[in-house]
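Sequential numbering from 2 applies to the sequence shown in our numbering.
We put the beta carbon where it would ideally sit given N, CA and C, even for glycine.
This one's a predicted model, so the numbers in the text were calculated from it and none came from an experiment.
A quick write-up on the structure given underneath.
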Amino acid sequence: MRAVVIRSFGGPEVLKVEEVPVPRAGAGQVRIRVEAAGVNPVDVAVRTGALVEGGLSERREVHGLGWDVAGSVEEIGAGVTGFAPGDRVIALSDRLDLSLGAYAEQIVLDADAVAPAPAHATSVQAATLPLNALTADQAIDFVGLAEGQTLLVTGAAGAVGGYAVELAVARGLRVVAVAGAGDEDLVRGFGAEFFVSRGAELGSAVRGLVPGGVHGAIDAAAIGTAALTAVRNGGSFAAVRGGAAPVALRGTRVANVWIRADGARLAELAKLADDGRLTFRVAGTFPLDQAAAAHERLAEGGLRGRLVLLT
Ligand SMILES: NC(=O)c1ccc[n+]([C@@H]2O[C@H](COP(=O)([O-])OP(=O)(O)OC[C@H]3O[C@@H](n4cnc5c(N)ncnc54)[C@H](OP(=O)(O)O)[C@@H]3O)[C@@H](O)[C@H]2O)c1
């Protein structure tokens, strides 16, 4: 089968398509015929070596790329129940110690990382869901707010931020969204009650809308300290990028939230998407052997939605 791998760190040109053996599903695992794989900022961090430099991953001879999987089950390992060959599924590949990721024609994952695909989505759409919706969901769990409380979401027009707004609204939170002025309609469409234009002084702008400051924040744009100034004393703050967690001033609770695969929760997120509570946003597609071109397009910035590789 074909897979995209890297043998050295660098620009998009280090992404190579190689012929590799088809992996077998071991006990408790599922092999998926990948139809679509999302292209995410973390894939760039793997490609450049930033994850190794940051201590999040070990240096290996070969690194696979890609976290978001949409496709169909091909093989199930011993002890797997709940999936059968032919089932349409989505999954998150969160293992940085493996030489194969989702940029491949086939992938083997632990069954508990896999979920039924949303019924009303194409594979391309479905491949945009796992990484970003799970990250947003797990960040909302961390901030731990009660219904009616206020949540600041920076980078609200992005993939993580957009889902954070929609999922927070689905949980009854009131959202203050920070995004570019041209994205106000977009993020209000996700359900944000308040809007602050990117570049504003967040402490005063947000406190002008929510007296005393918001109860929690998800900092998808990695603004850091300036975003924390919008959080009230004792509030909570989720950073999602390495090195982007500010010092927990004023009794706040601050942490980097790192994604983990969770097939059961992913199944619930797929249902929310089917119910129209989560929006699929596809910015474009590329064939697997043009992964480098997809990375170049991602680097240009300004995308609204995910790029997706087709196998
Ligand atoms: N912790 C985890 O487990 C985890 C998982 C997934 C993603 N992440 C990280 O989460 C971050 C967001 O990922 P993503 O996929 O959502 O990226 P994305 O789709 O590129 O979204 C980022 C958004 O932030 C906007 N932005 C940049 N600076 C801003 C500012 N100062 N104020 C408001 N908005 C601003 C960008 O606008 P422009 O495009 O116009 O610049 C873009 O809309 C990345 O750092 C990614 O690596 C972490």
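By DSSP's assignment, P288 forms a beta bridge with L311.
Taking 9 Å as the cut-off, the Cβ atoms of T151 and G252 do not count as close. About 6 Å separates the beta carbon of V40 from that of L310, a gap short enough to meet the 8 Å contact definition. If you look at Q126, you'll find it isn't in any beta strand (DSSP E); it sits in the alpha helix (DSSP H) that goes 124-127. Excluding sequence positions up to five before and after G87, its CB lies within less than 8 Å of the CB of S73, V74, all in the same chain and listed in chain order. Apart from sequence neighbours up to five positions away, the residues of its chain that approach V283 with a beta-carbon distance below 7 Å are V125, Q126, T129, G306, R307, V309, ordered along the chain. Residue pairing by DSSP places G217 opposite L152, S237 in a beta bridge.
For A206, the CB contacts under 6 Å within the same chain, skipping 5 residues up- and downstream, are V197 in chain order.
Collapsing the DSSP output to three states places P117 in a strand. H64 is bridged by DSSP to I7. E59 sits away from R32, with the two beta carbons spaced by 9 Å or more. Per DSSP, D111 is one residue of the beta strand (DSSP E) stretching across 107-111.
In this structure, L153 sits away from V115, with a CB-CB distance that is not shorter than 9 Å.
Taking C-beta separations shorter than 6 Å and ignoring five residues to either side along the sequence, the partners of F287 in its chain run A294, A295, L310, following chain order. A check of alpha carbon separations from E36 across R254, T123, N234, P13 identifies T123 as the nearest. Between G200 and R175, the CB-CB gap reaches or exceeds 9 Å. V241 is not a Cβ neighbour of V248, given a cutoff of 9 Å. No Cβ-Cβ contact shorter than 9 Å links L267 with L66. Judged by the Cβ position, T280 fails to qualify as a neighbour of ligand 1 at the 8 Å threshold, every heavy atom of the ligand being at least this far. Listed in chain order, the non-local C-beta contacts of A46 below 7 Å within the same chain comprise L52, local neighbours out to five positions each way being set aside.
The beta carbon of S9 sits closer than 8 Å to those of V15, all from its chain and outside the five residues before and after it, given in chain order.
Applying a distance threshold of 6 Å between residue Cβ atoms and the heavy atoms of ligand 1 selects N41, P42, V43, L132, N133, T136, T155, G156, A158, G159, A160, V161, G162, V179, A180, G181, R199, A221, A222, A223, I224, V241, R242, V258, W259, I260, G302, G303, given in chain order. For A112, the closest C-alpha among the options D95, A118, V81, A85 is that of V81. Taking 9 Å as the cut-off, the Cβ atoms of G181 and A158 count as close. At least 9 Å separates the beta-carbon of G162 from that of I91.
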